[in-house]
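Participant: Each residue of the sequence shown is one higher than the one before, starting from 1279 at the first, in this note's numbering.
Handing you this structure, nothing more for now.
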Amino acid sequence: MDLPPDQPPEIIQQVKSSRYSIARRYGRVTIEGHTYVYERNTDTLMRQDVYLQRKQSAGDLPPR
1279 MDLPPDQPPE
1289 IIQQVKSSRY
1299 SIARRYGRVT
1309 IEGHTYVYER
1319 NTDTLMRQDV
1329 YLQRKQSAGD
1339 LPPR
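Take a look at the structure:
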């Protein structure tokens, strides 16, 4: 997956063994101005805009 240098990653994996493990306690973390939501089942951080988009398309959230 090749991203432009200014595009933050959508998903960060293996959070519990990284410097972002604080997200496990608080449920989210902000990295370089982008908020990531912690997914406990997969031990990943997902960028909040992507998380909300996926939840809405799955029908878990009401439309904005």
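Built from N, CA and C at the ideal position, the CB exists for glycine as well.
On the three-pair Cβ rule with 8 Å, is the region 1295 to 1305 touching the region 1325 to 1336?
Facilitator: no
Participant: Taking buried to mean at least 16 other C-beta atoms within 10 Å of its own C-beta, is residue 1304 buried or exposed?
Facilitator: exposed
Participant: For residue 1294 and residue 1319, I'd like the C-alpha separation in whole angstroms.
Facilitator: 12 Å
Participant: Between the C-alpha atoms of residue 1314 and residue 1336, what's the straight-line distance to the nearest angstrom?
Facilitator: 19 Å
Participant: Quick one: residues in its chain with C-beta nearer than 7 Å to the C-beta of residue 1317, no 5 flanking neighbours on either side, listed in chain order?
Facilitator: 1324
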